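>
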Amino acid sequence: MRHDHLISARQLSRADVEAVLDRAAEFDAGERVDRTGDLLGLCFFEPSTRTKMSFDTAMKRLGGDTVDMGPVDSSSVKKGESLADTVRVVEGYADAIVLRHPSEGAATLASEFVDVPVINAGDGAGQHPTQTLLDLYTIRENAGLDDITVGIMGDLKYGRTVHSLAEALTEFDAGQHFISPESLRLPRNVRYDLHESGADVREHTGLETVLPELDVLYVTRIQRERFADENEYRQVAGEYRIDAGTLEAARDDLTVMHPLPRVDEIAADVDETDHAHYFDQAHNGVPVRMALLDRMLDRGDRR
Amino acid sequence: MRHDHLISARQLSRADVEAVLDRAAEFDAGERVDRTGDLLGLCFFEPSTRTKMSFDTAMKRLGGDTVDMGPVDSSSVKKGESLADTVRVVEGYADAIVLRHPSEGAATLASEFVDVPVINAGDGAGQHPTQTLLDLYTIRENAGLDDITVGIMGDLKYGRTVHSLAEALTEFDAGQHFISPESLRLPRNVRYDLHESGADVREHTGLETVLPELDVLYVTRIQRERFADENEYRQVAGEYRIDAGTLEAARDDLTVMHPLPRVDEIAADVDETDHAHYFDQAHNGVPVRMALLDRMLDRGDRR
Amino acid sequence: MRHDHLISARQLSRADVEAVLDRAAEFDAGERVDRTGDLLGLCFFEPSTRTKMSFDTAMKRLGGDTVDMGPVDSSSVKKGESLADTVRVVEGYADAIVLRHPSEGAATLASEFVDVPVINAGDGAGQHPTQTLLDLYTIRENAGLDDITVGIMGDLKYGRTVHSLAEALTEFDAGQHFISPESLRLPRNVRYDLHESGADVREHTGLETVLPELDVLYVTRIQRERFADENEYRQVAGEYRIDAGTLEAARDDLTVMHPLPRVDEIAADVDETDHAHYFDQAHNGVPVRMALLDRMLDRGDRR
Numbered sequence: 343m344r345h346d347h348l349i350s351a352r353q354l355s356r357a358d359v360e361a362v363l364d365r366a367a368e369f370d371a372g373e374r375v376d377r378t379g380d381l382l383g384l385c386f387f388e389p390s391t392r393t394k395m396s397f398d399t400a401m402k403r404l405g406g407d408t409v410d411m412g413p414v415d416s417s418s419v420k421k422g423e424s425l426a427d428t429v430r431v432v433e434g435y436a437d438a439i440v441l442r443h444p445s446e447g448a449a450t451l452a453s454e455f456v457d458v459p460v461i462n463a464g465d466g467a468g469q470h471p472t473q474t475l476l477d478l479y480t481i482r483e484n485a486g487l488d489d490i491t492v493g494i495m496g497d498l499k500y501g502r503t504v505h506s507l508a509e510a511l512t513e514f515d516a517g518q519h520f521i522s523p524e525s526l527r528l529p530r531n532v533r534y535d536l537h538e539s540g541a542d543v544r545e546h547t548g549l550e551t552v553l554p555e556l557d558v559l560y561v562t563r564i565q566r567e568r569f570a571d572e573n574e575y576r577q578v579a580g581e582y583r584i585d586a587g588t589l590e591a592a593r594d595d596l597t598v599m600h601p602l603p604r605v606d607e608i609a610a611d612v613d614e615t616d617h618a619h620y621f622d623q624a625h626n627g628v629p630v631r632m633a634l635l636d637r638m639l640d641r642g643d644r645r
Numbered sequence: 343m344r345h346d347h348l349i350s351a352r353q354l355s356r357a358d359v360e361a362v363l364d365r366a367a368e369f370d371a372g373e374r375v376d377r378t379g380d381l382l383g384l385c386f387f388e389p390s391t392r393t394k395m396s397f398d399t400a401m402k403r404l405g406g407d408t409v410d411m412g413p414v415d416s417s418s419v420k421k422g423e424s425l426a427d428t429v430r431v432v433e434g435y436a437d438a439i440v441l442r443h444p445s446e447g448a449a450t451l452a453s454e455f456v457d458v459p460v461i462n463a464g465d466g467a468g469q470h471p472t473q474t475l476l477d478l479y480t481i482r483e484n485a486g487l488d489d490i491t492v493g494i495m496g497d498l499k500y501g502r503t504v505h506s507l508a509e510a511l512t513e514f515d516a517g518q519h520f521i522s523p524e525s526l527r528l529p530r531n532v533r534y535d536l537h538e539s540g541a542d543v544r545e546h547t548g549l550e551t552v553l554p555e556l557d558v559l560y561v562t563r564i565q566r567e568r569f570a571d572e573n574e575y576r577q578v579a580g581e582y583r584i585d586a587g588t589l590e591a592a593r594d595d596l597t598v599m600h601p602l603p604r605v606d607e608i609a610a611d612v613d614e615t616d617h618a619h620y621f622d623q624a625h626n627g628v629p630v631r632m633a634l635l636d637r638m639l640d641r642g643d644r645r
Numbered sequence: 343m344r345h346d347h348l349i350s351a352r353q354l355s356r357a358d359v360e361a362v363l364d365r366a367a368e369f370d371a372g373e374r375v376d377r378t379g380d381l382l383g384l385c386f387f388e389p390s391t392r393t394k395m396s397f398d399t400a401m402k403r404l405g406g407d408t409v410d411m412g413p414v415d416s417s418s419v420k421k422g423e424s425l426a427d428t429v430r431v432v433e434g435y436a437d438a439i440v441l442r443h444p445s446e447g448a449a450t451l452a453s454e455f456v457d458v459p460v461i462n463a464g465d466g467a468g469q470h471p472t473q474t475l476l477d478l479y480t481i482r483e484n485a486g487l488d489d490i491t492v493g494i495m496g497d498l499k500y501g502r503t504v505h506s507l508a509e510a511l512t513e514f515d516a517g518q519h520f521i522s523p524e525s526l527r528l529p530r531n532v533r534y535d536l537h538e539s540g541a542d543v544r545e546h547t548g549l550e551t552v553l554p555e556l557d558v559l560y561v562t563r564i565q566r567e568r569f570a571d572e573n574e575y576r577q578v579a580g581e582y583r584i585d586a587g588t589l590e591a592a593r594d595d596l597t598v599m600h601p602l603p604r605v606d607e608i609a610a611d612v613d614e615t616d617h618a619h620y621f622d623q624a625h626n627g628v629p630v631r632m633a634l635l636d637r638m639l640d641r642g643d644r645r
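Protein chains in written order, with my numbering: chain X, 343 to 645; chain B, 343 to 645; chain Z, 343 to 645.
1. Please list, in chain order, the chain Z residues whose beta carbon lies closer than 7 Å to that of residue 624 of chain B.
2. For residue 396 of chain X, return the contacting residues in chain B, with the cut-off set at a CB-CB distance below 8 Å.
3. Counting pairs of beta carbons, one from the stretch 415-434 of chain Z and one from the stretch 395-413 of chain X, are three or more of them closer than 8 Å?
4. Should residue 540 of chain X and residue 502 of chain X be called a contact, given that it needs their Cβ atoms to be closer than 9 Å?
5. Got a sec: is the Cβ-Cβ distance from residue 610 of chain B to anything in chain Z below 9 Å?
6. Taking only beta carbons into account, state which residues of the stretch 372-405 of chain B come closer than 9 Å to chain X, listed in chain order.
7. Measure the beta-carbon distance from residue 602 of chain B to residue 438 of chain B and round it to whole angstroms, keeping in mind my assumption that it falls under 8 Å.
8. Give the range of the alpha helix (DSSP H) segment to which residue 356 of chain X is assigned.
9. Let me make sure I understand the geometry here. Which of B/365, B/550 and B/354 has the alpha-carbon closest to that of residue 636 of chain B?
10. Can you list, in chain order, the residues of its chain with a C-beta nearer than 7 Å to that of residue 458 of chain Z? Leave out the 5 residues immediately preceding and following it.
11. Only counting the same chain, and skipping five residues up and downstream in sequence, which positions put a Cβ closer than 6 Å to that of residue 607 of chain B?
12. Could you please give me the residues that DSSP links to residue 462 of chain X through a beta bridge?
13. Based on Cα-Cα distance, which residue from X/468, X/487, X/467 and X/379 lies nearest to residue 476 of chain X?
14. Counting only beta-carbon separations shorter than 9 Å, does residue 407 of chain Z have a partner in chain X?
15. Please say whether residue 470 of chain X and residue 393 of chain X have beta carbons closer to each other than 9 Å?
16. If you compare alpha carbons, which of B/354, B/617, B/573 and B/390 is closest to residue 441 of chain B?
17. How would you write the range of the alpha helix (DSSP H) that residue 538 of chain B sits in, first residue to last?
18. Ordered along the chain, which non-local residues of its own chain (more than five positions away) have a Cβ less than 7 Å from that of residue 418 of chain Z?
19. Compare the C-beta of residue 520 of chain B against all C-beta atoms of chain Z and say whether one is closer than 9 Å.
20. Quick one: using the 10 Å Cβ neighbour count with 16 as the cut-off for buried, is residue 347 of chain Z buried or exposed?
21. Under the assumption that residue 611 of chain X contacts residue 585 of chain X (Cβ atoms under 8 Å), give the Cβ distance between them as a whole number of angstroms.
22. With a threshold of 7 Å on Cβ separation, who are the neighbours of residue 396 of chain Z within its own chain once the five nearest residues in sequence on each side are excluded?
23. Can you tell me where the beta strand (DSSP E) holding residue 469 of chain B begins and where it ends?
24. Among B/382, B/379, B/384 and B/374, which one has its Cα closest to the Cα of residue 677 of chain Z?
25. For residue 413 of chain Z, would you say it is in contact with chain X, using Cβ-to-Cβ distances shorter than 9 Å as the test?
26. For the candidate residues Z/388, Z/575, Z/525 and Z/623, whose alpha-carbon lies nearest to that of residue 448 of chain Z?
27. Taking 9 Å as the cut-off, decide whether the C-beta atoms of residue 454 of chain X and residue 468 of chain X are in contact.
28. So, helix, strand or coil for residue 544 of chain Z, using DSSP?
29. Give the interface partners of residue 423 of chain B over in chain X, defined as CB-CB distance under 7 Å, in chain order.
30. Would residue 344 of chain B count as contacting chain Z if we go by Cβ distances under 9 Å?
31. Tell me the rounded alpha-carbon separation between residue 544 of chain Z and residue 529 of chain Z.
32. So residue 427 of chain B is in the alpha helix (DSSP H); what residue range does that whole segment cover?
33. Can you find the residues in the same chain that come closer than 8 Å, C-beta to C-beta, to residue 623 of chain B, ignoring five residues on each side of it along the sequence?
34. Less than 9 Å between CB atoms is the rule here; does residue 628 of chain X satisfy it with respect to chain B?
35. In chain X, which residues lie with their C-beta within 9 Å of the C-beta of residue 621 of chain Z?
36. Which term fits residue 355 of chain X, buried or exposed, when burial requires 16 or more other beta carbons within 10 angstroms of its beta carbon?
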């Protein structure tokens, strides 16, 4: 990595990504380190069970511990403290900071004020690089990262997770198919960037034609809030749901992923199939974050 | 124990119970183990200071650590995630899961979806087996578990704690007296089950006649919400309050218990008497939960 | 210390304070102890990011761990439990208790009911002794504690922090200047006590004349809520704000402090000057609380 901070998946070269995934695989295989005495500061300015618990687990699995800023409504933030001040206080407590914030750019701003490593755990419509890394890890474990065909389906317009993953995949030899209703297509600028990166990108409004080609199908939720009309939502969402029947047309080794939580876009009968990898995917957050934290805390030690 | 999960006190034989209480007594006497690296997942779908803090303490006293799902209103649950999905994610983080949930049957359901041990820490009107075990531990430490006479007083209609304890006591040679207002008597089905188990059960509307016989008096709160009429509540609740004066008619070695929190059903002047064991009872949650966790994590290790 | 509990800075002699600060300096310099197995109970009956996270960090830096009562709205307190009952339960979980409570006198009350050390982390308008100790530590590190001139500016009427610090400074050879609007002067009884202690105390309505003499300038926030009239607030608050320009009239080695969070009473351009010590001050909470906890847990061990 070129930086002490991890703000965006974009800052990671292919070699960086592979180094992190290799290290994650070691932790997954039982590798142990002893970071007794190291503290990770958890600064979550908006709720996030999944990500917060995963970082908490990763740090504790490394032998270290965490200190939590607590919910914003019980914090100094409510008294009008700036983000810059909050993180400058927390850097006195912790050896690294994980930051989740509703405003795009928050992690970059925070990183400019502190001397400990900052890890972006999601900044509004911005980046969430550890999600991208655990997605890549899951794809690599199941399908490899080269010469694969990936389908990404659902809300492609607002999905931060999807944009980062698509961008990261351009570093690898992956064909990408985007499946969504017309109203939730990839934004023009994301499409443009993908084309500029030389990605092999195709868009579809239905899964049917492309499904048999896919090594990986990444499903995301279509949110009710995106539709003014409830009937339109129901009709659209219904077309982008999958169940065990849908997957009969897929390759036997198709890997189905989802960033979770799901509501009903993947039926429960898929859980019983060999295609289901979304729970593994969530679990992979632990070794991936262990690898990252172990690496970034080392850099911190060297300062 | 016949199961990897602890859902109900009913699944514990007398021998199981005694094994757990014996082990708890060892921890109480200073026994130490080193579970460094073991993580307990805390999934509390409704608030519970007492139980959560007690499990957190027990796991840390074993040398392990905990990871907390956090409050439900900041979790994926709010986005519509099912209980089955939530626990399947958490099993990737933790070596065992403690679950508190407002719906009866939640712990059983959760246990069907995960491979790590699930401990029920209360599921609505259902079971709360570790409360029962710490109650039994406290009775055993103070009065023994055989050839004793136990009085249980207060709200016997809605009290989950009381039903489990009464049922568990049928495994031992304990006479049971139930003292409550007519409107808050033991439910018919609980009475039936106790009779079926061959328990020596008697019901009273007042404490006075039975008090001198008791080795243990277990007091529970009568909740205002149970009464449509404030005056009726006050009158009824007043009759089931005890103070130091009340206890003058009791045996010198009467053990008074209460699951806490109390409001005013036990007057503060009882705290100064040798009868008061309700704080010890709360503290006993730690060695009892240490014993359980140590045992269940061993089973987990063997899998 | 004469007591097992730390309720008020008043109970600390000059020798006590110096012993704690000396020990804090050792921790600051990298001294390590191993309190594995010791648990600190965090009982925060009102929100406090800064103080809670600092105690949490301090205990973990000592090698120990913490157990948290959680927010009051999810606790037994909401069911009507008394403070005395709550702390008597928590003493069964933890080796020492940190208590923050909205009511003055709460820490004293709590300390009367439990056998583990209680540390007051703020009780309403009452005391907050660890804040005073970290303030003294910061002053000592930067200006020494003898033969210094300290200015305290802002809301001197309601500021608990300010009253404790002023009182503590009377044990040392420090001149004290109080700078505030007329309506927010030191309360009469605080002034009286300071005079009785033989303190060299002067009051001002402006900073200008006294600034060049100061070794330390302690700034506090003037709260909007203190003023019925928004315009009056703006005018008053504006006069007690400092920026880099203001400080050109100060000594080169002036130490500027603030208990944080700040809103705008210290402009961001001060952060870049050598005067800025308010973030260090927050960080100093960790070694100071490590020193206190290490000392009080030793006393606990001896019991």
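For every residue, glycine included, the Cβ atom is placed at its ideal position computed from N, Cα and C. Predicted, not measured: the structure shown is a model, and the values here were computed from it.
Once the coordinates are examined:
1. 431 and 434, listed in chain order.
2. 435
3. no
4. no
5. yes
6. 378, 379, 381 and 383
7. Not quite, the Cβ-Cβ distance comes to about 25 Å (not below 8 Å), so this is no contact.
8. First-last of the alpha helix (DSSP H) with residue 356 of chain X: 356-370.
9. B/365
10. 433, 436, 437, 438, 439 and 642
11. 561, 563 and 583
12. X/441
13. X/487
14. yes
15. With contacts defined as CB atoms closer than 9 Å, residue 393 of chain X and residue 470 of chain X qualify as a contacting pair.
16. B/390
17. Looking at the DSSP string, the run of the alpha helix (DSSP H) that includes residue 538 of chain B is 530-538.
18. Within its own chain, the residues whose Cβ lies closer than 7 Å to the Cβ of residue 418 of chain Z, once the five positions on either side in sequence are excluded, are 428, listed in chain order.
19. no
20. buried
21. Going by Cβ atoms, the distance from residue 611 of chain X to residue 585 of chain X rounds to 6 Å, so yes, they are a contact pair.
22. 627, 628 and 631
23. Per DSSP, residue 469 of chain B belongs to no beta strand (DSSP E) and is neither H nor E.
24. Because chain Z here runs from 343 to 645, residue 677 of chain Z falls outside it and cannot be looked at.
25. yes
26. Z/388
27. In this structure, residue 468 of chain X does not lie closer than 9 Å to residue 454 of chain X by Cβ.
28. strand
29. 603
30. Low per-residue confidence applies at residue 344 of chain B: pLDDT is 46, beneath 50, and the placement is therefore not dependable, though the value from the model is reported in the following sentence. False, the Cβ-Cβ gap to chain Z never drops below 9 Å.
31. 14 Å
32. 425-432
33. 476, 477, 480, 599, 600, 601 and 602
34. In terms of beta-carbon proximity, residue 628 of chain X lines the interface with chain B, with at least one pair separated by less than 9 Å.
35. 427, 430, 431, 433 and 434, listed in chain order.
36. exposed
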